[in-house]
Every structure is written in C-alpha cells, then in structure tokens.
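Novice:
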Ligand SMILES: [Zn+2]
C-alpha cells in the first residue's frame, strides 16, 4: 500500500497533467457568466467535464446544481469538495455579458475547475482505493444573494424553498450524506498579500424585498391626486441613514441596497417603487435588531406619504466558522505547494464584512473556506480580474485533494478526529426551523 506522501504526489502529478484542461475550463466559464439559479450553460458545461472524468452525477439539484460521489476503497466519512457556479452582475466589468450585465467579478469561475482538479487528483491510480470514505463533488448555484425579486418569485411558485444555493441544498437533503466540506474562494492582491489566506469569519445577513405602493396621477396636472411611492422610498432611505449611529462598531452592521424600480413614466406619479436591501451583522441578534430598524424606516416612508409598503424579509446567511483542525491540514498542504511564507492565518474573529452561505453549512458541519490570492482589482468591482490561473485553479485543487487524502487515509483517522472534536451549533432541522422564523411578510398601511 502506498504511503500518504506517495498518494499526495500521485494526486499532484495528475493535476499538473490536466492543468491546461482545468484552466481552459475556468476561462470558458468566465466567458459565459450566469447569475444564480440561471447557470444553465455553466451547469451543463460542468456536467460534461464530470462525465469526461467518468464521475456519474445528478444534475438539476436546486434548479442548476450538480452532485457526484467518488467512493473510496473502504467505507468511512464523506468529504465534500464544493465549487460555486454563479456569477455576479457588474456592468462594465471587463468580462461582462453585454446583454445581462452578468460578470465573474468574484472569481467563482475558478471554483468548479478547482473542484474538478481535486477530482482529477483523487481519481488518479491508487488514490481513492487507499482511502476510507467518499468524496462528494458538489457544484452549487447562487452564492451571491442577488436578483431578490426573481428569487422571491421562484419561492412563491414553489420552485425554491430557501433562496440561495447551499441553503437550498441543505433543505433538499443534498448534504445529508456529507460529514464535512471544503471550498476555496479567490481573493485579490489588494485584499491579501500571501498566496493562501486561512481562518477569519464573515457577516451574517437578512435580505429585503420591498415594494412602496402609491397611487398614479398626472405628475403635472394633478400630482395632489396621487401618492408618490418614490418620495416614500426617499424618506425611508434618509431615515435609514439616521440609524447608522445606533449600531455598535464591533457588530459590523451594514445597511445597504439598490432601487430596482423608481417609476415607469416621468409624467406619472410613481405608484410602484421597488428596493432590494441587505442588513448584515456579526451575530443573529445584531442582525435582528438592525433588521427591525430598517423595517421601521421603510414604514416611516409609507407613513409620510400615506401609502403602503410591502416588506418581505428573506432568510439570509449565517456567519462563517472555519474548522481549526481542517484549517491546519489545508495549511500544511498549501505550504508544501507555495511555501510557508506565502500563507497567512487570520484570527477566527477577523470579519471580512461580506457574507457567504458556506457560513450556513459551517453551523451544521465542520468546513473550511480559505482564499487563494490570484486576482487584481476590487472584489465585486469592474476591475476584479483573475491574473494567475495556476494559483486560482491548480494550486487550490492540489491543496484540496491533499487535504482529502489526509482526512481519509489510515482508516480516516483524521476525519474521525475532526468529527469528534467539532461542535456544530445547529442540526439540519434546527437550522431550517431558524431560517423559517426569519421569513416574514408584512404589508404596512401608512395611515
Ligand atoms: Zn464570491
């Protein structure tokens, strides 16, 4: 039987041999950006790549998601390697789709290729048969919680329960046979200087879909007969700005949003104005408090104008918890690839400000979500461009394959010890029950 070092070098050599294939896959996805739950071409493409590797898989999970399982030589725990399918929307991004504004301004186009790369390493001769347990290859839709009205519509039609990819995978039971999970996200040289960044946490959030309802009237001839929903929204957003001094710095609260409809004709008093909002914070309590404040401000807008406001609060993400033991394994492997001076480990409470549904999964099982520094520019900006594809795809694929080998070698001793020591804060059932309490619909009459 080969040693663990031999298995890791077999896996790395196999990934090196496929490096060009993996990088080309990332560039194909980059050129075909699709936002969450619309990743039809991307999902089909990743499915074809899995088939090329001989991995049988299910597709259409949570609309566009995929899942394949590779079995080890003996039974044992299941480790998931995850990649995200979706793009963002950033108009004028260098690689934006001119029709939809969809763009990979967060580097997700590298993630399913990383997952495929890890699979290449693990499928190399002798590797899986030397391991005790399975590897689930999971391509999830919709990590970026955008297009809120569209997702709320899918929920109302019954096509979705929870409205983000990993959340819905959890709800559908697609993680029921998974014991622990890992994925790697790209980062930019203006955020991280080392090649791999580990540890840290993220904000949780709730999501708002808001409709200010007024009454249309001639904007020149009889504005007094209308109820101006745009004025209601303006008052609400000004009111929201008054709340920023009422939240604690250490809770990292952020209120933000976009107006998705401001009216339909300039000479008609706007009667239907739409806003998509986000309330972020470090803890569930801080988020709930800030969410109540946002609701008060939205109602204040409707009250001022004597209109109505419909507020839908959608269950957003939970803060990220990186498993310390899995972090150490990944770190050692990443150090072997890029050298220890190219690693940084952030304290567990270093909050990156953004949010991810990997945080949701981290509440119910041990996970890691390290970053690989491969891009330049500003995340979610027009200039976020992956420059170093070896560091974006090949190196993370190797580090994940090697970490899976660590976890499942020697009768999966390391995986069993991770499971023995990790203390999930929620079960799947308590997670779903909690998220259910965060879905609230309200129609406020501003009288
Ligand atoms: Zn992202």
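Residue numbers (the working numbering): -2 to 444. Note that CB positions come from ideal geometry on N, CA and C, so glycine has one too. If you're wondering where the values come from, they're calculated on a predicted model, not measured in any experiment.
Please list the terminal residues of the continuous beta strand (DSSP E) segment that includes residue 348.
Specialist: For this step, residue 348 is matched to residue 351 along the chain shown. Residues 340 to 348.
Novice: Determine the burial state of residue 239: buried for a count of at least 16 other Cβ atoms within 10 Å of its Cβ, exposed for fewer.
Specialist: Against the chain shown, residue 239 aligns to sequence position 242. Counting Cβ neighbours within 10 Å, residue 239 comes out exposed, since fewer than 16 surround it.
Novice: Taking residue 82 and residue 43 to be in contact with their CB atoms under 8 Å, please state how far apart those CB atoms are, rounded to whole angstroms.
Specialist: The residue given as residue 82 occupies position 85 in the chain shown. The residue given as residue 43 occupies position 46 in the chain shown. The pair is a contact, with the Cβ atoms about 7 Å apart (cut-off 8 Å).
Novice: Report the residue from 255, 314, 25 whose alpha carbon sits nearest the alpha carbon of residue 230.
Specialist: Your numbering for residue 230 matches position 233 in the chain shown. Comparing Cα-Cα distances from residue 230 to each of 255, 314, 25, the minimum goes to 255.
Novice: Roughly how many angstroms lie between the CA atoms of residue 166 and residue 103, to the nearest whole one?
Specialist: Within the chain shown, residue 166 is the residue found at index 169, counting from 1. Within the chain shown, residue 103 is the residue found at index 106, counting from 1. Answer to the nearest angstrom: the Cα atoms are 21 Å apart.
Novice: Whole angstroms is fine: what's the gap from residue 212's alpha carbon to residue 276's?
Specialist: Reading the chain shown from its first residue, position 215 is the one you call residue 212. Reading the chain shown from its first residue, position 279 is the one you call residue 276. C-alpha separation (whole angstroms): 29 Å.
Novice: Out of 137, -2, 273, which one is the CA nearest neighbour of residue 309?
Specialist: Reading the chain shown from its first residue, position 312 is the one you call residue 309. Residue 273 is the option with its Cα nearest to residue 309.
Novice: Under 7 Å from any heavy atom of ligand 1, does the C-beta of residue 103 make it?
Specialist: Position 106 of the chain shown holds residue 103. Yes, the beta carbon of residue 103 sits closer than 7 Å to at least one heavy atom of ligand 1.
Novice: Kindly indicate if chain D contains any beta-carbon less than 8 Å away from that of residue 254.
Specialist: Annotation note: the requested chain D is absent from the structure, which comprises a single protein chain.
Novice: Taking only runs that begin and end inside the segment 202 to 281, name each unbroken beta strand (DSSP E) of 3 or more residues, in chain order.
Specialist: The qualifying runs are 251 to 258, 269 to 278.
Novice: Report the partner residues of residue 54 according to the DSSP bridge assignment.
Specialist: One-based indexing of the chain shown puts residue 54 at position 57. Note: residue 54 sits in a beta bridge opposite 65.
Novice: Beta-carbon separation of residue 246 and residue 278 under 8 Å?
Specialist: Position 249 of the chain shown, counted from the first residue, corresponds to residue 246. Position 281 of the chain shown, counted from the first residue, corresponds to residue 278. Not closer than 8 Å, so no.
Novice: Less than 7 Å between the CB of residue 140 and some heavy atom of ligand 1, yes or no?
Specialist: Residue 140 sits at position 143 when you count from the first residue of the chain shown. Residue 140 Cβ: within cutoff of ligand 1.
Novice: Which residue from 216, 70, 94, 198 puts its Cα closest to that of residue 124?
Specialist: Taking the first residue of the chain shown as 1, we reach residue 124 at position 127. Selected option, being the one with the closest Cα: 70.
Novice: From the DSSP secondary-structure annotation, give me the bridge partner or partners of residue 305.
Specialist: Working through the chain shown from its first residue, we reach residue 305 at position 308. Beta-bridge pairing links residue 305 to 210, 442.
Novice: To the nearest whole angstrom, what separates the beta carbons of residue 437 and residue 111, a pair I think is in contact under 8 Å?
Specialist: Sequence index remark: in the chain shown, residue 437 carries index 440 (1-based). Sequence index remark: in the chain shown, residue 111 carries index 114 (1-based). Contact doesn't hold; Cβ gap of about 37 Å is too wide.
Novice: Considering only DSSP beta bridges, list what residue 451 is partnered with.
Specialist: No answer is possible for residue 451: the residues shown for the chain start at -2 and end at 444.
Novice: Starting from residue 195 and walking both ways along the alpha helix (DSSP H), at which residues does that stretch end?
Specialist: On the chain shown, position 198 is the one that residue 195 refers to. Taken as a continuous stretch (DSSP letters only), residue 195 belongs to no alpha helix (DSSP H), being part of the beta strand (DSSP E) at 193 to 198.
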